[in-house]
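Participant:
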């Protein structure tokens, strides 16, 4: 039989309509994922997770959705789920340097806070994932910085290597001078060359005066050196100039918890922090409860301290610091 008149045109119209439907569906799916990512970026993790879980049910090969599920779990210190989702993401998109970097961070969290029997294995997986991330994209500066810190601080049995750390720091110095300063400051600190470490921070801040992260890192250095007055001043200035930087608020409280100084101000800051929604890179709320417990304990407010430590354990029953602190209360 011959083709009826107009049949070719009809097939072309159907094909165009089918393509339009596919494009429209993909656009709608991408828009939904972008909305979920926006929820994540604003710290609305429960809402973002609900959207992402619905997306992966419909699109079981959506690597980006799995990656953000992993990042939510990482932010919430749910290490098992973070590793699970990020492994799914790298399995689906094996060339993504970012996904391997996030997987490395998740394994690093597991190595620090997970089951003691599995920490060495998790540490080695952290190293392997970060190395993969850097190999896939040598310009992934955050991954390279993470790998440098791993080489610097891990024991040799887990692949720590001071020479490799120095090599990564040299590369960072060439690629990103700001991170290079940070890398060398950490190396000098580990080597107990504290004047050289402080010089790196001062040079970096002079060169990059708008970098809030550099000043935060300086504050951490001052905390580690127990330069309490300097640490208080650093974090107070950051928070006064950038009230959206709630980590600076938390760090004021943490400095008080560690030092036993400025306890009223530290209480005020930690209570304020507990009313916020921390971001992915901010300390979790249970950390603020723990530090507030320390502040109350140092102030002799035993009942309030006990309540804060108990709040920690309701969220994280394995928190050893809160357990030990409760035992120490009279």
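Numbering (the working numbering), first residue to last: 573 to 902.
We put the beta carbon where it would ideally sit given N, CA and C, even for glycine.
Look up residue 873 in the DSSP assignment and say whether it is helix, strand or coil.
Facilitator: By 1-based counting over the chain shown, the position of residue 873 is 301. The answer is coil: DSSP assigns residue 873 none of H, G, I, E or B.
Participant: When you compare the CB positions of residue 715 and residue 673, do they come within less than 8 Å of one another, or not?
Facilitator: Position 143 of the chain shown holds residue 715. Position 101 of the chain shown holds residue 673. Yes; because the gap between Cβ atoms is below 8 Å, this pair is in contact.
Participant: In whole angstroms, what separates the C-alpha of residue 830 from that of residue 789?
Facilitator: Along the chain shown, read from residue 1 onward, the residue named residue 830 stands at position 258. Along the chain shown, read from residue 1 onward, the residue named residue 789 stands at position 217. C-alpha separation (whole angstroms): 17 Å.
Participant: For residue 691, which residues from the same chain have a beta carbon less than 6 Å from its beta carbon, with the 5 sequence-adjacent residues on both sides left out?
Facilitator: Numbered from 1 along the chain shown, position 119 holds the residue referred to as residue 691. So the qualifying residues of the chain are 683.
Participant: Taking residue 906 as the reference, give the member of 723, 736, 681, 671 with the closest Cα.
Facilitator: Only positions 573 to 902 of the chain appear in the structure, and residue 906 is not among them; the question remains open.
Participant: So what does DSSP say about residue 565, is it helix, strand or coil?
Facilitator: Because the chain spans 573 through 902 in this model, residue 565 falls outside it and cannot be assessed.
Participant: Under the rule that 16 or more other beta-carbon atoms within 10 Å means buried, what is residue 874, buried or exposed?
Facilitator: For the purposes of this step, residue 874 is identified with residue 302 of the chain shown, where counting begins at 1. When all chains shown are included, residue 874 counts as exposed.
Participant: What three-state label does DSSP hand residue 833 in the structure shown?
Facilitator: Within the chain shown, the letter at position 261 stands for residue 833. Residue 833 falls in the coil class under three-state DSSP.
Participant: Given 8 Å as the limit, is there contact between the stretch 766-775 and the stretch 800-814, that is, 3 or more CB pairs closer than that?
Facilitator: Contact between the stretch 766-775 and the stretch 800-814 is absent, because fewer than three Cβ pairs lie under 8 Å.
Participant: Within 10 Å of its beta-carbon, does residue 854 have 16 or more other beta-carbons around it, so buried, or fewer, so exposed?
Facilitator: Within the chain shown, residue 854 is the residue found at index 282, counting from 1. Buried.
Participant: With a threshold of 16 other CB atoms inside 10 Å of the CB of residue 602, please say whether the residue is buried or exposed.
Facilitator: On the chain shown, residue 602 is found 30 positions in, with the first residue counted as 1. Classification of residue 602: exposed, given that the 10 Å Cβ count is below 16.
Participant: Taking 8 Å as the CB-CB limit, is residue 606 close to chain C?
Facilitator: Within the model displayed, chain C is absent; a lone protein chain is all it includes.
Participant: Does the beta-carbon of residue 815 have 16 or more other beta-carbons within 10 angstroms, so that it is buried, or is it exposed?
Facilitator: Reading the chain shown from its first residue, position 243 is the one you call residue 815. With fewer than 16 Cβ atoms within 10 Å of its Cβ, residue 815 is classed as exposed.
Participant: Go ahead and pull the three-state DSSP assignment for residue 806.
Facilitator: As a working note, residue 806 is residue 234 in the chain shown. Three-state result, residue 806: helix.
Participant: What do you reckon, are the CB atoms on residue 860 and residue 845 nearer than 8 Å?
Facilitator: Residue numbering aside, residue 860 sits at position 288 when the chain shown is read from its first letter. Residue numbering aside, residue 845 sits at position 273 when the chain shown is read from its first letter. Against a cut-off of 8 Å, the Cβ pair of residue 845 and residue 860 comes out as a contact.
Participant: Go through the stretch 628-652 residue by residue and report every complete run of the alpha helix (DSSP H) that reaches 4 residues or more, in order.
Facilitator: Within the stretch 628-652, the complete alpha helix (DSSP H) runs of at least 4 residues are 635-647.
Participant: Ignore the nearest five residues each way along the sequence and tell me which others in residue 766's own chain have a CB closer than 8 Å to its CB.
Facilitator: Here the question's residue 766 lines up with position 194 in the chain shown. Only 760, 797 meet the Cβ criterion.
Participant: Would you mind sorting residue 865 into buried or exposed? The rule is 16 or more other CB atoms within 10 Å of its CB.
Facilitator: Here residue 865 refers to the residue found at position 293 when the chain shown is read from its first residue. It is buried - the Cβ of residue 865 has at least 16 other Cβ atoms within 10 Å.
Participant: Between residue 644 and the rest of its own chain, which residues show a CB-CB distance below 7 Å, the 5 nearest in sequence each way excluded?
Facilitator: Counting from one through the chain shown, the residue named residue 644 turns up at place 72. Counting only Cβ-Cβ distances below 7 Å, and skipping sequence neighbours, we find 612, 617, 620, 621.
Participant: Judging by CA-CA distance, which residue of 661, 688, 686 is the nearest neighbour of residue 675?
Facilitator: Residue mapping note: residue 675 aligns to position 103 of the chain shown, counting from 1. Ranking 661, 688, 686 by Cα distance to residue 675 puts 661 first.
Participant: What residue does the alpha helix (DSSP H) around residue 696 start on, and which one ends it?
Facilitator: For the purposes of this step, residue 696 is taken as residue 124 along the chain shown, with counting starting at 1. Counting along the chain, the alpha helix (DSSP H) containing residue 696 begins and ends at 691-708.
Participant: Taking residue 668 as the reference, which of 850, 710, 687 has the closest Cα?
Facilitator: Locating residue 668 in the chain shown gives position 96, counting from the first residue. Of the candidates 850, 710, 687, the one whose C-alpha sits nearest the C-alpha of residue 668 is 710.
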